[in-house]
Structure formats: C-alpha cells, structure tokens
Amino acid sequence: MSSRQPDYGRYQHLESFIHLSKDAIWCYELDIPMPISLPDEEQLHYIWSRSIVRDCNLAMARFYGYQTVQEIIGKYLKDLVGLKSVYLLRKFIADSYQLENYEYFVELSDGHQRIFLMNSHGQVDDGHLIRIWGQQIEISSIRESEVKLSGLLRFSQIVTEVSKTFVHSKAEFVSDAIQFALEELGKYSRGDRVFAAEISPDKQFLSVSHEWVLEGMPSLFQVGTKLPIAKMNPERLGILASDGVIHIADTSLLVDEPWHLDLFKRAEVRSILVVGLRDEGSVIGILGITTFERIGDWSEETKQLLGLIAGFVSQGLVLAKNEIKLMKKEKILQRFYSDVKEDLALAKLTQEAWVAKDFGEIPNVKIQSRFLPYDEIGGDLILYEKPTEDRIDIFFGDISGHGISSALVSGIAAVSFKKHSKLESSPAAILAAMHLELKTIIFKHHISACVLRLFPKERRAEFSFAGHPPVVFWKKNEKVMKLVKDEMYPILLLDTWEGKTISKTFEEGDRLLLYSDGIYELEEETGGYIGLDIFLQELSEMISVSDSTDALLKKMIANCLIDKERIIHDDIAVLFMEF
C-alpha cells in the first residue's frame, strides 16, 4: 500500500493557472448522461439542450458577455449559442468526442473575424457521455501577423518577378512583359481590370494599349481609344504630371464632370485608381486599376505597388519605341529596383509586431510600453518571455539600419531571444548566445540591446547591456533620477562579445525607464542633435514635475514632437516599469 499523500498544493496551482489563464477553459456536464448509441443528429440536440456549465474561468465567462464566473455557472449550452451555430459540436461528435487544435472563426458584427484553436475532450463512462472539458485559444494576432508577412513577401516577389521580366526582355517582348505586370497587379489589387494607356505622339489623344481583364468583365479597349486629352480634367492631369495618384472611389458621383461621367458609364467603371506613366519627367500615358460594380477601397500598399509597376511599364514602353534608349536606362531601372527592395514601406507592418504592448498581470510590477514608428522602417524590438514562473526576460533592442533587411533581422533576433531565454542562466549569457548564433547569418547589421531579467516577487532585476543607453530609475517620492549602465558594445559588431550582468533590487514605488536612442537622436530645427546628455537633463526635469506615469510619458512624447522644434530620424520605443 502506498503512503504517498495527494499533492493538494499542486492541485491548487493548477486551479489557479486555469482561472488566471487568458484562454477560455471550461467544463460542461450533462444533466442526464447521454447514451452514445444515439444517432448523430439526436446526440447533437441532446448535448446542446442538456449541457450545463459546471466550471470555467473568467476568460470563458467574458467570451459570452458575462463579467464574473458565477454569472455563467449553471447556464445551459442552449442559453449561450443557437442550435444553428453548433457546427463545432457536430465535428466533436464525428471525431469520437474530442477536438484537437481545431481552428475555427467567429464573425463579428463589424465584419472582422476572431480566430480560435479549440481543444476539447468528452468523458465517456459505461456507454454514456458524462461531461466535456475544453479550452479555446485565440490566435487572431498570430494569423494577422502571418497574413501581413505573407503580403510583404508577395509584394516583394511581384516587384522582383516583374522587374526581372522587364530587365531581361528584348524590345520585341516588352508587350508580353507589360501584360505579365498587369496580371500580377490585378491579382494583388483584386481589381476587375488593369490597363495601360499611351498618349499619342502629337499629345492629342489617350488610347488603351494593354489590358488585363478578370474573366467575365467587359473590356476597356472599345471605349478607351482616341480619348481627347483636351476634354480631360486639367487638375487631374496636373496630379499625374506631378507624379501623384488619382483615386475616384465612385465615378457615378461625378455629376459636375459630364464628359468623364459619360465615359465611365460607357466603360462600366465604378471605381478607378490611376498613376502616370513617365519618361524623363514627361507623362507618356497612364496605368490604372478599375472595378466593374463594387467600390474600390484600395490600400496604401496597392497604391505603392501601382507606382512601382508604373515605373517598370514606363521603361518598357520607352524600350518598345526605342531599343537604343533602353541600353542607357537599363542601369537606372536596376538601381531603382535595388533601392525599392531596401525601403519597401510594407515592412513596417511586420516590424511593429515585434514591439510588445500587453505584458499581462505581473505581481509587484506594472509594465507599459510606447512605440512611435518613423516613416522609414526601423528595427526597434521590445520582447518578453517567461522561462519560469518566478522570472520574466525582457529584450529591448534596436537593429541597425532601416528597410526590409532590418525588419527581417528583427524577426530572426526575436526567435533567437525566445530560444535562449529558456536556455541561458543570465542576461549576459543570453546576449552572448545570440551573438554566437546570429553572427554566422547576419553580416550587414548589429544589434544594440539591453536584456533585463525580472524577478517580480523579489522586486529584483538583472541587466546586461550591449551598446544600449543607460536605464533610468527613481523613487516615487524622491523623484531623483539614477542610472544603471554599462559601456559594452553591441552584439554582431565585432567577432567576439563578452558582457556582464548587473543586479539591482528595487523597493515598492520605484520607477524604471528604458528607451531607444531614437528619443534623443533628434535634430534641432536650428541645426545639430540634442544627444544623450541633454536628453537625460531634460528627462530629470520631467521626472521631478510629473505626478503619474501617463503624465511623464506624455511629457516625453511632447518633448520629442510638440513642445520643441525637433525632427525625429528613427523609431522611438519606451518601456516603463512601476514596482
């Protein structure tokens, strides 16, 4: 006979985990156990009408609109969802009373979707279904990031493929290259038609020369031939001449422009997006996307791609007319493409995903972050990992440079940090391991960072610096600013990196501030940069007069963007802790 006693403390920890989890966890119990021999449709109605919520956590209660667990306990499943919406239950029965990582969507009233992973298990005793345990995890943000990254890669792939097609096409094949570019643009933009129209040599007419049309859509060739330029809106022609974009969301509203209204009606164009085709500053035609019936709500990324493709098509048309000119412009096109690859604005969507904004509930510590992206793509990172129950690792870093390469390095660095946070014994060891791992695959960038390992229960933190600015802290009542710093250089800058770990214990009410160098690399309107020393002086004054965290953060942002005539040149990231 075993003398081992039940580990009630362990059960209490498990129960605490369930009730504190942000994922919905629940248990339904049938008021009368169900014979599993019933036909599937009878089982579906039986479970739906007789399942009672016996236990769940707050996340489950809030999912159905309740504020406390007590409000939902005892509710029947039929009180929570309609019978028509229990397709998950049908899948559950078909899969022998269990669902494993089953992905499903919830449609919101505003047209958006929430995406969840469902895991559930039914308890069957003596041929009867007794109860059902389950957990649903929201993965909307993960899928959103995947979609954004997929869009970025697709954008880059289109630019690469189209540019290569034009670069390697001889004059007699330029028409095929333009047709390929129109098709790729049409698929990306989800337009019904994409067209290129050229201005006649005498500058009197505009005619459609190339077209991609979605199957079943009417062509533009018949009504788009020899359109007199003299009848066109001169303001819009001016926009095209100045390298601008024209977007008419609903052509039926052009009541003050009868010629254009009649043209769009005959062409069956509901929405249109147009940029100019240019050669050495002169407009030689237009490139456009249209819709047949629906309103065209095109994204900024689509407008950017339209502009890029217009550059390629413009050069292609020039090639088709004058092959000798192509020899001179081919290098310009290749340089243009190279620059585009480095600075695609779409990379901003993935880079911002690496700045943590929600740190959850942490005992003894309240954490907030702020992020102000610059127009170009930066590489600021604020990541956190919880390798054990009693500590949290935070990576505050800045990837050198801008553009897609920096954004991709951000993703690689994030994966490396999450890996080594679980493996290494100290912040310095994490940075050293990341350096060894990344230096073999990253050559053009270095990473300035501070890794902070937080022990919330002890109010203790360990720091390791790699070219990161000093960490600032102060007591709530004294408001006297102090620094934690180390002059160690960034990782990936040199072949070897060996840092150290600095430990500091804080008291209740202490405040801690981390920031990126973008907050002090500000250019004065009168010339010069403010630098770290001046920023720390100004920060000390702001701390002394700020009554709350929000007030301080507002003052810091205002100090950068509003109160003084200063120009930012990099992303600004801030992390604030209050013990």
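Residue numbers (the working numbering): 4 to 582. Quick reminder that beta carbons are idealized off the backbone N, C-alpha and C, glycines included.
Residues sharing a beta bridge with residue i, DSSP
i           : result
residue 545 : Per DSSP, none; premise fails for residue 545.
residue 373 : 577
residue 121 : 105, 139
residue 293 : 196, 275
residue 571 : 525
residue 208 : 231
residue 318 : In the DSSP output, where bridge partners are listed per residue, residue 318 has none listed.
residue 54  : 33
residue 164 : Note: residue 164 sits in no beta bridge, so no partner.
residue 396 : 388, 456
residue 116 : 110
residue 27  : 139
residue 59  : 29
residue 288 : 201, 280
residue 451 : 401
residue 214 : 198
residue 514 : 477, 581
residue 412 : According to DSSP, residue 412 bridges with nothing at all.
residue 248 : 278
residue 127 : 132
residue 532 : 526
residue 368 : 365
residue 38  : 131
residue 358 : 385
Nearest-angstrom Cα separation, counted from residue j out to residue i
i           : j           : result
residue 328 : residue 289 : Here residue 328 scores only 49 on pLDDT, less than 50, and its place in the model should not be relied on; the value that follows carries that caveat. Cα-Cα distance, rounded: 20 Å.
residue 279 : residue 247 : 8 Å
residue 265 : residue 300 : 22 Å
residue 547 : residue 482 : 5 Å
residue 524 : residue 536 : 11 Å
residue 11  : residue 21  : In this predicted model, residue 11 has a pLDDT of only 46, less than 50, meaning its place in the structure is not dependable; the value taken from the coordinates is given anyway. If you take the alpha carbons of residue 11 and residue 21, they lie about 15 Å apart.
residue 3   : residue 454 : In the structure as shown, the chain starts at 4 and stops at 582, and residue 3 therefore has no counterpart that could be examined.
residue 530 : residue 449 : 28 Å
residue 275 : residue 383 : 37 Å
residue 478 : residue 513 : 4 Å
residue 578 : residue 421 : 19 Å
residue 573 : residue 322 : 40 Å
residue 402 : residue 430 : 18 Å
residue 59  : residue 116 : 24 Å
residue 474 : residue 487 : 5 Å
residue 86  : residue 24  : 28 Å
residue 438 : residue 75  : 51 Å
residue 331 : residue 179 : Its pLDDT being 48, under 50, residue 331 is placed unreliably by the model, and the measurement read from it follows with that caveat. Each residue's alpha carbon lies about 21 Å from the other.
Beta-carbon proximity of residue i to residue j, cut-off 7 Å
i           : j           : result
residue 580 : residue 418 : no
residue 484 : residue 543 : yes
residue 136 : residue 89  : no
residue 582 : residue 511 : yes
residue 109 : residue 78  : no
residue 226 : residue 254 : no
residue 291 : residue 198 : yes
residue 560 : residue 526 : no
residue 209 : residue 230 : yes
residue 519 : residue 576 : yes
residue 96  : residue 26  : no
residue 593 : residue 92  : Since the first and last residues shown for the chain are 4 and 582, residue 593 lies out of range.
residue 476 : residue 489 : no
residue 314 : residue 169 : no
residue 286 : residue 181 : no
residue 298 : residue 252 : yes
residue 67  : residue 47  : no
residue 545 : residue 557 : no
residue 216 : residue 196 : yes
residue 394 : residue 463 : no
residue 142 : residue 118 : yes
residue 249 : residue 211 : no
Assumed close pair residue i, residue j - CB separation to whole angstroms, cut-off 8 Å
i           : j           : result
residue 424 : residue 390 : 5 Å
residue 188 : residue 312 : 5 Å
residue 466 : residue 505 : 5 Å
residue 220 : residue 295 : 5 Å
residue 34  : residue 65  : With a Cβ gap of about 25 Å, residue 34 and residue 65 do not count as contacting.
residue 36  : residue 145 : That pair is no contact at about 37 Å.
residue 130 : residue 39  : 6 Å
residue 415 : residue 445 : 7 Å
Residue i: CB within 6 Å of a non-hydrogen atom of the ligand NAP
i          : result
residue 50 : This structure lacks the ligand NAP, and indeed carries no ligand of any kind.
| message | Runs of 3 residues minimum, wholly inside the segment 457-508: which ones carry the beta strand (DSSP E) assignment? | response | When DSSP assignments are scanned along the segment 457-508, the uninterrupted stretches of beta strand (DSSP E) that are 3 or more residues long and fall wholly within it turn out to be 463-469, 474-477, 485-487, 505-508.
| message | If we require 4 or more residues per run, which alpha helix (DSSP H) segments fall completely within the segment 73-100? | response | Taken in chain order, the complete alpha helix (DSSP H) segments of 4 residues or longer contained in the segment 73-100 are 80-83, 90-97.
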